[in-house]
Structure formats: structure tokens, C-alpha cells
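Asker: For reference, the structure I am asking about is given below.
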Amino acid sequence: VCVSTPQGIGGVCDMRNVYEVVRACPDVPILIKSTVSLEGWRHCKKTYEKRMAFSPEFLREKTSFEDVKNCEHVLIGGDEIPFWTEIFQQIYSAPYVEVFEPEELILGKYFRNSFLALKVSFFNQVYDLCTASGIDYDQVRRAITGDPRIGKSHSLVTKERGFGGNCFTKDIHAIYASALYFSTKLSIIEETIKYNNTIRNENNKK
């Protein structure tokens, strides 16, 4: 099942397309590749009682086809794992398959993208101070990213400022909405969303 799960009202993951397909499926093993929310997954399992597994995609928007073809590591959790492992090994020439609980993978996918979005915001704030103080951002960036624990990824500040696109924006809003659903406040995520909205709106006014 690989259908769209767009951002809904309040940032929630709109899973109606997933529900529709799962409901229509016969009694066969079902693999969900769409990004799904924790609360949506639980609703789906409880409502339809199907043999479901979840395997998240970690595709980059600009290189998605290449990422699929060159997949070497598959994460999966849920029902019928031996069946799906054999399928993946046939498709991807024996990739490394790692098994988790599906709910662990759901949160892992969201927090992985949210961390990268946060990293983009962090370096944009470094850029803000460098610009205000007349210091060369590229040199400061080089001094920071030379630490292998940090690395260079997601440290370039684009003319659009902040993060955009489908994945980061949708996922960081969705995990924040999920946290609210479970009566948890993710303050770092909340501030990242606010800061990103601010700098992108300011940039659009220029």
C-alpha cells in the first residue's frame, strides 16, 4: 500500500487513502509503505483486523527513483515478516533487513526527518548570527561540520531559507500533532516549526 497521506487540518497525517485501500484488500498479507501516524496505525489495526506490516521509505525528494533502485537496508515490522523478507531480498538483491515493532518504526521515521529539519533550522540560526555580526557563515559552518559527530549534511543555507518540500514539512507537523493526540508537548519541535515559518515568510516578502 503506497498511497498519499497528505497533511490534514492541524498538521495531522490524513490517512483516509490508506484506510480505503486496506478496507478493500482481501485476506492477504498487507505491506504499508505510506507514511502513517501512530494513532492512525492503531485505528487501522483495530478497525480492519488485517495481517499488516509497515516498512518506512527514506527517499530523498530529488533522487527518489535512484534511492529505490539502490536500496540496501530495509526496516520492517508487523505481521508475516518472513514472507516480506523473502520478497525484499528478491527485489533488492539481498538487502539487509532489520525487524522492529511497527510502532517503533512509525515514530522512528517521523523523528528521523524531524531531527534533520531541526538541524536545518539550527544552521539557519547560526547563519542569522553570522549575518548580524558580519562573520563569514561558510567559515563558521566549516568549523562546526568538521566534527564527524555533526557532519555537513543539512547545513547549507539556501536562498529560500529554512526547510520546505513535502517530507520535512509534513512529517514534523504530523509528529507534533501525534504528540498532542497523546497529550504530550514537543517544545523543540514546536519552536522549530515556528522559526521555520517565520524565516520563510520573511523571505517570501522580500
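Every position in the sequence shown, counted from 1, becomes a number in the working numbering once 17 is added. For glycine and all other residues, C-beta sits at the position ideal for the given N, C-alpha and C. It should be emphasised that the depicted structure is a prediction, and the values quoted were computed from it without experimental measurement.
1) What does a CB cutoff of less than 7 Å around Asn213 pick up in its chain, not counting 5 residues either side in sequence?
2) Which residue marks the beginning of the beta strand (DSSP E) containing Glu115, and which one marks its end?
3) Measure from the alpha carbon of Pro43 to the alpha carbon of each residue in Lys67, Ile26 and Lys63, then state which is nearest.
4) Quick check on this structure: which residue in Thr148, Gln142, Ala194 and Ser150 has the alpha carbon closest to the alpha carbon of His171?
5) I need the boundaries of the beta strand (DSSP E) containing Val91, first residue and last residue.
6) Any heavy atom of the ligand ADP closer than 8 Å to the CB of Asn130?
7) How big is the Cα-Cα spacing for Glu97 and Ala70?
8) Kindly indicate which residue of Asn34, Leu92, Phe128 and Ala149 has the alpha-carbon position closest to the one of Thr186.
9) Helix, strand or coil: which one does DSSP assign to Cys147?
Answerer: Looking at the coordinates:
1) Ser138, Gly179 and Phe180
2) Tyr113 to Val116
3) Lys67
4) Gln142
5) His90 to Gly95
6) The ligand content of the structure shown is nil, which means the ligand ADP is not present either.
7) 7 Å
8) Phe128
9) Cys147: helix per DSSP, three-state reduction.
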